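Structure, as structure tokens:
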DNA sequence: CGTGATACTCACTTTTTAGTAAGTATGCAT
DNA sequence: ATGCATACTTACTAAAAAGTGAGTATCACG
């Protein structure tokens, strides 16, 4: 096993490393929505009705910190903040797309019908 | 969002569904090791020194239950149990390979040198 | 002076996932 | 009878991830 440390955390393999950056319940859904358009905080939220403010904020912050998205603040009142994907984020989109397609296949195998369009 | 239920759990998207089947710390490492050979419980363990018995057993059981691997028990003493990958498991290997390659790329971007061969 | 709009922040609880440490069954060899 | 090998179980604990519910700042508008 090719173990290694990053930020004081021990990783066992590259998959684990990748998933620690873009895994979890919300990071891929966020990136996916930003893949071809810039969105404001409120727009992201409207499009992901079950995400909470806390989750949305922390996940956006982490994605920004690690270079997957860009955060642009417009100094107006009420506040306006836009999120857009970076080059690094775009690379992630390719894998996300593959995992997503695989997920769709698996769902079929498990007898789950696609319930609606995946926006 | 294409929400759907499976086994009483609410999923928000296909990615989440896929990751619930083959995600977590140990499932991909296990599948990866079985991709081209049959291994016994003890061999898997020897090859993943940090996994505990509890984790190895539960993960193997779940992978078997969902059709990614096959468990063969030889009624001998001491016990002998072999694990092999199924067709469904082989499909997973393809995505795992893609995620793994992506992980390696990301590691480079983050300045992490490959510490050893990924067995 | 109170309300609304937007993008948060904070303290806390719950749920999920992973890890620890110890124990079990079987039958052969000594 | 004791120990050894293999593949597990079980009860418990710890750590990580996610969710809850409430609160904050700013300024324009009426």
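Chains as they are written, first to last, in the working numbering: chain A, 351 to 469; chain B, 351 to 469. A virtual CB, placed ideally from N, CA and C, is assigned to each residue, including glycine. Quick caveat: nothing in here was measured; it's all calculated off a predicted structure.
By the Cβ-count criterion, residue 439 (chain B) is buried, with 16 or more other Cβ atoms from all chains shown falling within 10 Å of its own Cβ. The Cβ of residue 431 (chain B) sits no closer than 9 Å to any Cβ of chain A. With at least 16 other beta carbons inside 10 angstroms of its own, residue 363 (chain B) counts as buried. Taking the beta carbon of residue 409 (chain A) as reference, no residue of chain B falls within 9 Å; the closest one sits roughly 13 Å away.
Between the stretch 425 to 435 of chain A and the stretch 382 to 390 of chain A, the count of C-beta pairs closer than 8 Å reaches three or more; the two stretches touch. In terms of beta-carbon proximity, residue 373 (chain B) lines the interface with chain A, with at least one pair separated by less than 9 Å. Between residue 383 (chain A) and residue 397 (chain A), the beta carbon gap of about 6 Å places them in contact (Cβ cut-off 8 Å).
Per the Cβ contact rule, the stretch 399 to 407 of chain B is not in contact with the stretch 439 to 458 of chain B (fewer than 3 Cβ pairs under 8 Å). For residue 423 (chain A), the beta-bridge partners assigned by DSSP are A:431. Beta-bridge partners of residue 456 (chain A) (DSSP): none assigned.
For the pair residue 419 (chain A) and residue 380 (chain A), the CB atoms are nearer than the 9 Å cut-off. DSSP places residue 391 (chain A) within a helical segment (H, G or I) once states are collapsed to three.
Taking 9 Å as the CB threshold, residue 459 (chain B) lines the interface with chain A. Annotation: Cβ neighbours of residue 453 (chain A) in chain B (cutoff 7 Å, chain order): 364, 365, 367, 368. Among the bridge pairs identified by DSSP, residue 361 (chain B) is matched with B:354. Excluding the 5 residues flanking it on each side, residue 361 (chain A) has same chain C-beta neighbours closer than 8 Å at 353, 354, 355, 367, 370, in chain order.
Here residue 379 (chain A) carries a helix assignment [DSSP, helix/strand/coil]. Against chain A, a Cβ distance below 9 Å from residue 450 (chain B) picks out 363, 364, 365, 368. Around the Cβ of residue 452 (chain B), a 10 Å sphere holds 16 or more other Cβ atoms; the residue is buried. Taking 9 Å as the cut-off, the beta carbon of residue 365 (chain A) is found no closer than this to the beta carbon of residue 421 (chain B).
Residue contact check for residue 390 (chain A) against chain B: no CB pair falls below 9 Å. Comparing alpha carbon positions, the residue from B:407, B:416, B:405, B:408 closest to residue 456 (chain A) is B:416.
CA-CA distance, residue 429 (chain A) to residue 392 (chain A), rounds to 11 Å. Excluding its 5 nearest sequence neighbours in each direction, residue 376 (chain A) has C-beta neighbours in its own chain below 8 Å: 398, 401, 405, 406, 409, listed in chain order.
Against chain A, the CB of residue 379 (chain B) has a partner CB under 9 Å away; the residue lies at that interface. Measuring C-alpha to C-alpha distances from residue 394 (chain B) to each of B:431, B:424, B:423, B:425 identifies B:431 as the nearest.
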